[in-house]
Amino acid sequence: MLHADRAGSPGWMARGACRSEDPELFFPIAAVGPALAQVSSAKAVCGRCPVQASCLSYALITQQDGIWGGTTPEERRPGTPPAARRPAGPR
Ligand code: SF4
Numbered sequence: 002m003l004h005a006d007r008a009g010s011p012g013w014m015a016r017g018a019c020r021s022e023d024p025e026l027f028f029p030i031a032a033v034g035p036a037l038a039q040v041s042s043a044k045a046v047c048g049r050c051p052v053q054a055s056c057l058s059y060a061l062i063t064q065q066d067g068i069w070g071g072t073t074p075e076e077r078r079p080g081t082p083p084a085a086r087r088p089a090g091p092r
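Given below as structure tokens:
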């Protein structure tokens, strides 16, 4: 998992669906082209995560890089239209 093992991490991280995933999945090198498949795979994990809302809030507050709460850094950037910021989830 990408963040659960950090010392002092928020308690919700231990319940993240990504705990058993390769951390690299959540840090694609781009948000376009071939990396889109990786972004989609990471978002699919987030879509079944019980702590997605906490994760997204944390990423917005702490300005994290990578996929957090089912969103890319670009989607979390201030000024991004709300529809583009919608996190991953059941479709
Ligand atoms: S929302 Fe995604 S990145 Fe955040 S803890 Fe859950 S699976 Fe991990």
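Counting in the working numbering, the sequence shown runs from 2 upward without gaps. We treat Cβ as the ideally placed atom computed from N, Cα and C, and that holds for glycine.
{"Asked": "Near the ligand SF4: residue 71 beta-carbon under 7 Å from a heavy atom", "Found": "yes"}
{"Asked": "Residue 44 vs residue 62 beta-carbon contact at 8 Å", "Found": "no"}
{"Asked": "Candidates 42, 13 and 54: closest to residue 22 by CA position", "Found": "42"}
{"Asked": "Close beta carbons around residue 27, own chain, < 7 Å, minus the five adjacent residues each side", "Found": "3, 19, 43, 67 and 68"}
{"Asked": "Residue from 74, 51, 81 and 79 whose Cα sits closest to the Cα of residue 31", "Found": "74"}
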